[in-house]
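Structure first, then comments.
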Amino acid sequence: MKQLNHVNQNSMKRKKFSVDEIKTFFVQVIWESHSGDSKYQLSLCQPVAAIISNSQCNPTAAVCQLDTSGQTVTVGQFAESPNVTETELGVIQLTLQGDACQGATYTTRISFKCGKTLGSPVFLNSYQCGVDFEWYTTVACKNPPAAKEVKCYVYNDKGQKVDLSPLIKLHDSSLSASECESESAACIPSGPSYKSAGHVNNALSFDDAQRPSIKYVIEAKGDDIPPECTQPPSTLVTFVCPARGEETLTSTSCMLTSDIHGVNVNLTPLQGHEYAVNGSNTSGKLYTYYLSVCKELAMECSGDKTGHGVTTCQLIPGDIDSGKSLGNINQQQLRYSDGELILTYRGGAKCHTNFQRVTVINFHCNKSLSTTGKLVFTMEDDCTYVFDLDTPLACIENSDGTICQVENQGHLYDLNDLVITKDMDKEYWEALKTDENDDSFVILNVCRELADKGLASLCDKGAAACVMDKPGHWISLGKPSQPVYDEATGQIQLRYTDGSPCNDGHAESIITFICKPGTVDSPPRLIRKSNNNCRYEFEWETASICAQHQVVGHDCMVIDNELGLSFDLRPLTNTDKGYYLVHHSESHHDYYINVCAGVTGTPCNTAERTGVNVAACQIDTLSNHTFVTGLVNTNVRYGDNFLNLTYTKGDHYNSSPMRDRSTEIAFFCNPVVGKGKPEFVEETNYTYVFRWETSYACADVPVECAVVDNRTGAEYDLSIDGCDPKSAICEKTLEGSTSTSPRLLTIDHDLCQYVFSWDHATACPIEHDKTAIGDICTLTDSTLGITYNLKPLMKNDYNITHSGDTYQKEPSVCLGDTTLGEVNTVLEYAASGFLTLTYRGQMFSSGQQKVVIEFRCDRSVGEGRPQFIEKDGLVYLFRFFTSYACPPATVECKAVDDRGNLFDLSYLSKSTGNWQVIDTRPNHGDLRYYINICHPINPMAGSTNFCSGLAGGCQTNGHNQSYSLGYIQGSPVVAGNGTVILRYTGGDRCHRDEDKENYRSTIITFYCSSIETPLACPISKSVGSQCRVITPNFQMTFDLSSLEKPDYYKVRAGEYEFWLNV
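Right, dumping it as structure tokens:
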């Protein structure tokens, strides 16, 4: 092969750049695009097709892109003398031209940088007609090492890269070359010397079990092969991923967070403190090192030519112009792996081999020091500078690497509330036993090892569960692990293995978690042991394992029907400027984002990106490089008291396997800031995270859009059925032409007041139909005086899929087109006693096609949703479990939030009398409201026209009229902000009109207050002493000491007699 042409004028001062040693390397990058998944294959010294048999690539392709359908694109043609350039920092860029592309040609650029190993090409970015790769390799150094090296990475069938090059030992191997045969990768003892056990000749590959392995074969022939061997001896090394599922966590910021990474690390308090330490290099020369953590140095690294962003500066004492950069803030990576926390800065000044200097800081936990801790220079290894920093900030929560969460089908199960940490007073969980004859004592922790204190310190170090089977004898029941979801049982389990030796194996334990709302502090129960006492099985009833409540909305809005909350982020869309600009000076980046809409007029809105609906854009203020960090999405998620908007499918990240950039915006309620503004939080896991405090993330309060003329009693209702929350004007369906429109009457700019007039039919008084008995989607039981109102179910679309067939009720069960039957809004009782709704369709010779929807009561599901049951001839039967089909009744007056806190409002329920509320609005003084909590209102003595039936609330006026405010349909629920909400629905009709009638309903919101409403506060557990206890919510004292007897109480039950005392 010919040497590659060089255009650098200084090429005569160094060796010619050659890629002979990497002529058969490939990089596969899995990425999602409109054309499907793609991968790239590279070969630099001959075409790809010359190396791979039956290659789909063009015979002349050196860089080939393939997608899953088998289509290929040559993005770089093989060239005997490709174009090569070199920068001042020693970066060698190879450029290849490919197939035709939109009037030009594809271009592939590979940037070779001096590295410590042979390395591998890494996909950086793709654009309209080009692809960029980066390759850290010894081949790009001035003096590459002579030691033979093979490809040390491999891709699995999921496109994930397994790279073992960090395991390559560059120095200080166990044996020197003189003790073992040259180019040996493994050696075995042979008398006083060593014999080669294999040479470096095969690249890393997967074995039959999909485990990475490498084989070293002795290059022997004929008589050199030992007589007992049929072929040359070899050494096989197989690498196994830890069963506990440890991962390497990385971040480009100085933080790792529990919700994203599973551990909490925050090194930002070190910003602003600059360290100065002395140290010597390998030749003994003394230097002074100035270092800043998570921020560039404030001092100038005089003499350095790399530019801004220097984090570490090396100076010769007494020579202020001898500065060299050892790393740049823009190439920062925080890494947590195998219990080690490491901060790395690349991009320093060019070293003698063209390698750009690197700073590595190893952090160590030391709680006895101040936050800034103590920095020590450790070593310099071939232009890599290693420091050790002891600080309490490196004391990592959940340092065993377990996240203690598991997700299944969109539900997140979080056990972190059960984890006992070293800084807690609680030492362990003690397991209850079901066998009264069992004298063992079992203690355990969740996801973590037992704390090294108290009784737990007697267990084996690293144990997550322990049993004392006899006094003083402790047995480990296994080491920490991460929870798993058992598909067969639908339960969450923890499996602790590798405990103390037991029979022929090791002791182990299994903890099965069972969701029990409201149960927070209950301990686990030991339910069984194996016959050989080597396996312990536990059950744990707890609210911590109950799936967290989340709701996903569309069109930039979220409506939580269960909690009665609604959010609308559409006012945050910047339609004037087209973006919000967020500066982040520490990383030298600017971000342009919009809410539920694309950005306009930003550096990302280029001609090449015409038609791309960019929602978030990043620009490097130093290099002016731009990246799309997400495309428009209008689906908003609500949960855990905040809103989340995620943009995905941005430009590809510098990672392998390839990942798309994404953006997450978390909206938090702040009622006083108006729109507020976004703030950049961090860049982590290919995602750019923003926090935004705004009043639009606060739950909407219902606005009454009806009024009664107190003089005439006329009622007016301007509400529009289906209008979105917070809308002043909305359009749902446009039919015909508008006959009238609003007219602007007056303008007062000083008061920002605009007065409109609108002649419209809805402004006319409502005419009540005194004779109407039935109603759309309602049914009245005249015997019990109960009205079932299913109109709240009309607002949803339901799509039910069964065995591949999709049945659509559009837009609701009571209104809309259907392909199986015509619309019907008349409810009726079936012979089975259930509410039913029937849609009748086409007539056939065998009868008429029908859809029958059977509504059944289930107070636990809220609105619920329909299920397809069966098809019987021409009849399609659906069953709809919903609380709206339940007759009013007393319900359990308790609620549980996502964290398992229990709220009990039952003490507010009255058995006689009612709670009375006065209407304080102007001109409404004659209105009175009578409500009860979770129980129907009680009759009013002496009232002749009080609400009858089972209503939860009643409104009366000065005209001796009363109106039901709704029936009790379900238990209270807890909103994300901690308030408790109770809803009554299906009351008397109000604002009667043929098209826009509605039914009275009631929402009662309870706010926690230790003085006014302590019952709306979560119930707290309290443990007393000396037979006395004080309730935390009411500060009431219960004293049972007077029940103590000098001897005991005797209680007989059948053949047993119990003796007990208090």
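UniProt numbering numbers the first residue of the sequence shown as 1 and each following residue consecutively. Glycine is no exception: its CB is placed at the ideal position from the N, C-alpha and C atoms. Small disclaimer: the values here were computed from a predicted structure and weren't measured.
Cutoff 6 Å; reference residue i; Cβ partners in own chain excluding five residues on either side
| i | result |
| --- | --- |
| D163 | Y153 |
| L779 | Y788 and L827 |
| G130 | T107 |
| T687 | S662 and E664 |
| N83 | T95 |
Outcome for residue i when other beta-carbon atoms lying within 10 angstroms are tallied against a minimum of 16
| i | result |
| --- | --- |
| S370 | exposed |
| N328 | buried |
| Q28 | Residue confidence for Q28 is low, a pLDDT of 46 falling below 50, so the modelled location carries little weight; the figure read from the coordinates is stated next. Buried, since its Cβ has 16 or more Cβ neighbours within 10 Å. |
| G987 | buried |
| N605 | buried |
| L1015 | buried |
| R1028 | exposed |
| V446 | buried |
| P59 | exposed |
| T137 | buried |
| S481 | buried |
| K324 | buried |
| K350 | buried |
| K649 | buried |
| Y754 | exposed |
| S509 | buried |
| A772 | For A772, the pLDDT reaches just 30, beneath the cut-off of 50, and the residue's location in the model is therefore unreliable, although a value from the coordinates is still provided. A772 comes out exposed. |
Cut-off 8 Å between Cβ atoms - residues of its own chain near residue i, not counting five sequence neighbours on either side
| i | result |
| --- | --- |
| E1055 | none |
| T105 | Q97, G98, D99 and C129 |
| E1057 | K1050 and V1051 |
Candidates the options, of which the one nearest residue i by Cα
| i | options | result |
| --- | --- | --- |
| G900 | I514, L908, Y999 and F667 | I514 |
| V875 | T838, F855 and D1047 | T838 |
| V595 | T1005, G676, E296 and H589 | G676 |
| L167 | C141, Q128, S190 and I214 | I214 |
| P212 | G198, C254 and Y155 | Y155 |
| Y536 | D568, M658 and M468 | M468 |
| K161 | S205, A197, Y638 and Q753 | S205 |
| V974 | I968, L905 and Q1026 | L905 |
| G339 | L249, V293 and C383 | L249 |
| T610 | Q46, P47, V376 and Q128 | Q128 |
| S1041 | S1022, N1061, P1032 and E1057 | N1061 |
| K295 | P269, N278 and K305 | P269 |
| D858 | P887, F844, S55 and Q961 | P887 |
| L793 | T825, K470, L643 and P765 | T825 |
| L326 | S337, D304 and L334 | D304 |
| D797 | R840, E863, L745 and D759 | E863 |
| Y591 | P571, K422 and V614 | V614 |
| D919 | L744, G970 and G958 | G958 |
| T252 | N685, T979 and R691 | N685 |
| A346 | Q332, S909 and P765 | According to the sequence shown, residue 346 is Arg rather than Ala. Out of Q332, S909 and P765, Q332 has the C-alpha closest to the C-alpha of R346. |
Beta-carbon contacts of residue i that lie in its chain and below 7 Å, excluding the five residues immediately before and after
| i | result |
| --- | --- |
| N503 | N532 and C534 |
| T282 | E380 |
| A394 | L341, F363, H364 and C365 |
| S126 | H652 |
| D620 | H588 and H589 |
| residue 1141 | Nothing in the structure corresponds to residue 1141, since the chain is present only between 1 and 1062. |
| L124 | D132, F133, E134 and N654 |
| N670 | G676, E693, T694 and S695 |
Cβ pair count under 8 Å reaching 3, the segment 413-425 against the segment 284-298: With fewer than three CB-CB distances shorter than 8 Å, the segment 413-425 does not count as touching the segment 284-298.
At least three beta-carbon pairs within less than 8 Å, the segment 45-58 to the segment 303-318: Contact fails: fewer than three Cβ-Cβ distances are below 8 Å.
Three-pair Cβ contact test at 8 Å for the segment 562-581 versus the segment 924-932: With the cut-off at 8 Å, the segment 562-581 and the segment 924-932 do not touch.
Three or more C-beta pairs below 8 Å linking the segment 89-105 and the segment 70-80: The segment 89-105, when compared against the segment 70-80, does touch it at the 8 Å Cβ threshold.
Segment contact, 8 Å Cβ cut-off, at least three pairs: the segment 382-392 with the segment 446-457: By the Cβ test, the segment 382-392 is not in contact with the segment 446-457, since fewer than three Cβ pairs between them sit closer than 8 Å.
Segments of 3+ residues assigned as beta strand (DSSP E) that fall wholly inside the UniProt domain "MRH" (252-397): For the UniProt domain "MRH" (252-397), whole beta strand (DSSP E) runs of length 3 or above, ordered along the chain, are 274-280, 286-292, 312-316, 319-325, 332-337, 340-345, 358-365, 374-381 and 384-391.
Start-end ranges of the beta strand (DSSP E) lying completely within the UniProt domain "MRH" (891-1046), minimum 3 residues: List check, beta strand (DSSP E) in window: 894-896, 902-904, 915-918, 928-931, 953-956, 962-964, 980-985, 1002-1006, 1028-1030 and 1037-1039.
Runs of alpha helix (DSSP H) lying entirely within the segment 499-531, each at least 4 residues, in chain order: Complete alpha helix (DSSP H) runs here, min 4: none at all.
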